[in-house]
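**Q**
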């Protein structure tokens, strides 16, 4: 009897869609489009990604892990085909790594400071001819020279674990590699996230969900091509939540502290990490360990630096309008119904309320469920203008499976890439549509859950047992 070795049709269809996704992303990044032109191609890639994720649902389970891994490698690799397309942040990373390698604290001098002129090269600080030709995309230093580094007159904003990553990449990169060292390192981190997600979801859930990270267009564009350090924070965050779910609270707290010290955004995960935990000793184990880790990572830089290790953080908060809603596009949804001055405190109150509910009523076996709720709610309340922040959200979606939150990540891309064209109205509409989808799916699931409950049976509390 001859065994049929043909691949199941769903595997073939999913493979074809992955091939189309890979090709479209590579062409998009190589084409060099900007703004709304890039957004159009990016939206097309998201549509193919959605089709591939749906097709994966019909793939037999034995084929899922190899297919997700192969797709992760192919999709991630597309981020290596071109120089950074939509962000210049990685040039600051390269500079900070170079400064540290010279024995100087990255927090003490801005890139424009003449004290570090000896570290400049023609890549990060092009000659006058290049400045004249490409002046619109470069920052002027006021002396006929320019730089690829954004905000060259301000000190770095990045926390210590991020700075350690920049130094490591600089030390391991061959001379003259330029942006490729950071991109290659970020690709390794992105694939590591895919591997950790598969490991977690094979034990707790459906490994198909790992594709929501591994195949998401945001990963090759933001994590690899633009080499944003957020991907390091994502890897540490996913690891922290996985450890907490296994009741390894101290090591989970350490990883969470490292994630916060890589990019401050993972601090939003703390309520999720504490989901359903009522025992004071356990709460302390997570929170104090995380806080101590953050302090210890800052300590070497505090000792090395002459000035503040917070860098441009406060200036960034003001620049982005987080302290004054009327100064930017933040709090866009709240400002539809509230005066501008009310938006920041109301946003803070809602975030605190959601965090408290997640901690008190959350499921300790699924800390990522509460973490997604707090992080997603914060995004909808603050409506950030930078698309790479949502990399953390994408990873949480993969862990939890509530795919509708991906709309918030796409709304961030609309705000960043098309904001100058569509203005505040367009950005508000994008986040409004994303929030509407989240609410609609939540309401639908809630009604279905109530409808399945036997008549006369009181609803059970969702509170988790004390741990």
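In the working numbering, the protein residues as written are 125 to 591.
Every residue, glycine too, gets a C-beta built ideally from N, C-alpha and C.
No experiment lies behind these values; they were computed from the predicted model shown.
First and last residue of the alpha helix (DSSP H) that includes residue 499?
**A** Its alpha helix (DSSP H) spans residues 491–506.
**Q** For the stretch 262–311, which segments carrying the alpha helix (DSSP H) assignment without a break, of at least 4 residues, lie completely within its bounds, in sequence order?
**A** Entirely contained in the stretch 262–311, the alpha helix (DSSP H) runs reaching 4 residues are, in chain order, 284–296.
**Q** Kindly indicate which three-state DSSP category residue 352 falls into: helix, strand or coil?
**A** Note: residue 352 maps to coil in three-state DSSP.
**Q** If residue 614 and residue 380 are in contact, beta carbons under 8 Å, what's the gap, nearest whole angstrom?
**A** Residue 614 lies beyond the residue range present for the chain, which begins at 125 and ends at 591; the question has no answer from this structure.
**Q** Cβ of residue 141 within 8 Å of Cβ of residue 179?
**A** Their beta carbons are under 8 Å apart, which means residue 141 touches residue 179 by this criterion.
**Q** Nearest to residue 198 by alpha carbon, out of 343, 533 and 131?
**A** Residue 198 has its Cα closest to that of 343, out of 343, 533 and 131.
**Q** Are residue 393 and residue 454 touching if we call contact CB-CB under 8 Å?
**A** No.
**Q** Mapping DSSP to helix, strand and coil, what is residue 417?
**A** Helix, per DSSP.
**Q** Please go through the same chain and pick out, in chain order, the residues whose beta-carbon is closer than 6 Å to the beta-carbon of residue 588, but skip the five residues on each side of it.
**A** Caution is warranted here: a pLDDT of 42 is assigned to residue 588, below 50, making its placement in the model unreliable, and no coordinate value can be reported.
**Q** Over the uninterrupted alpha helix (DSSP H) stretch that includes residue 162, give me the two end residues.
**A** First-last of the alpha helix (DSSP H) with residue 162: 159–180.
**Q** My guess is that residue 523 and residue 341 are in contact by the Cβ rule of under 8 Å, so how many angstroms apart are they, rounded?
**A** Contact doesn't hold; Cβ gap of about 19 Å is too wide.
**Q** Indicate the three-state DSSP secondary structure (helix, strand or coil) for residue 242 in the structure shown.
**A** Note: residue 242 maps to helix in three-state DSSP.
**Q** With contact counted as at least three CB pairs below 8 Å, one residue from each stretch, are the stretch 262–280 and the stretch 205–221 in contact?
**A** As far as the Cβ criterion goes, the stretch 262–280 touches the stretch 205–221, which means the pair count is three or higher.
**Q** Which same chain residues end up closer than 7 Å to residue 157 when comparing Cβ atoms and leaving out the 5 residues on each side of it in sequence?
**A** So the qualifying residues of the chain are 165.
**Q** In chain order, which alpha helix (DSSP H) runs of at least 4 residues are fully inside the stretch 521–583?
**A** The qualifying runs are 530–576.
**Q** What residue does the alpha helix (DSSP H) around residue 255 start on, and which one ends it?
**A** Start and end: 252–257.
**Q** In the structure shown, what three-state DSSP assignment does residue 233 receive?
**A** DSSP places residue 233 in coil when its eight states are reduced to three.
**Q** Leaving aside the five residues before and after residue 309 along the sequence, list all residues of the same chain whose C-beta is less than 6 Å from its C-beta, in chain order.
**A** Excluding sequence neighbours, residue 309 sits near 293.
**Q** Whole angstroms is fine: what's the gap from residue 402's alpha carbon to residue 151's?
**A** Taking the straight line from one Cα to the other gives about 51 Å.
**Q** What whole-angstrom Cβ distance do residue 159 and residue 541 have, given they're in contact under 8 Å?
**A** Confirmed, about 6 Å.
**Q** Quick one: what's got a C-beta closer than 7 Å to residue 236's C-beta in the same chain, skipping five residues either side?
**A** Same-chain partners within the cutoff: 265, 276 and 277.
**Q** Can you look up residue 444 in the DSSP assignment and give me helix, strand or coil?
**A** Coil.
**Q** Can you give the beta carbon distance from residue 360 to residue 383, rounded, assuming they're within the 8 Å contact cut?
**A** With a Cβ gap of about 4 Å, residue 360 and residue 383 count as contacting.
**Q** Given a cut-off of 8 Å, decide if residue 312 and residue 366 are closer than it, judged by their beta-carbon atoms.
**A** No; because the gap between Cβ atoms is not below 8 Å, this pair is not in contact.
**Q** Please report the straight-line C-alpha distance between residue 132 and residue 187, rounded to a whole angstrom.
**A** Each residue's alpha carbon lies about 9 Å from the other.
**Q** Spatial neighbours of residue 206 within its chain, please: CB distance less than 8 Å, with the 5 preceding and 5 following residues excluded, ordered by chain position.
**A** Same-chain partners within the cutoff: 153, 154, 156 and 349.
**Q** Taking the straight line between their C-alpha atoms, what separation do you get for residue 268 and residue 167?
**A** Cα to Cα, the separation comes out at about 39 Å.
**Q** Nearest to residue 337 by CA position, among 560, 169, 136 and 521, is which residue?
**A** For residue 337, the nearest C-alpha among the options comes from 521.
**Q** Please report the straight-line C-alpha distance between residue 515 and residue 389, rounded to a whole angstrom.
**A** Going from the Cα of residue 515 to the Cα of residue 389 covers about 11 Å.
**Q** So, helix, strand or coil for residue 315, using DSSP?
**A** It is helical.
**Q** Find out if the Cβ-Cβ distance for the pair residue 457, residue 470 is shorter than 8 Å.
**A** No, Cβ-Cβ distance for residue 457 and residue 470 is not below 8 Å.
**Q** Following a CB-centred definition, is residue 347 positioned closer than 7 Å to any heavy atom of the ligand FAD?
**A** In terms of ligand content, the structure shown is empty, and the ligand FAD therefore cannot be addressed.
**Q** Run through the stretch 359–394 for me and flag every whole alpha helix (DSSP H) of 4 or more residues, listed as ranges in chain order.
**A** Qualifying alpha helix (DSSP H) stretches, in chain order: 373–384.
**Q** Give the DSSP-derived three-state secondary structure of residue 195 in the structure shown.
**A** DSSP places residue 195 in helix when its eight states are reduced to three.
**Q** Going by C-alpha to C-alpha distance, which of 546, 534, 318 and 226 sits closest to residue 243?
**A** The shortest Cα separation from residue 243 among 546, 534, 318 and 226 belongs to 226.
**Q** Please identify the residue among 492, 339 and 443 whose C-alpha is closest to the C-alpha of residue 398.
**A** Residue 492 is the option with its Cα nearest to residue 398.
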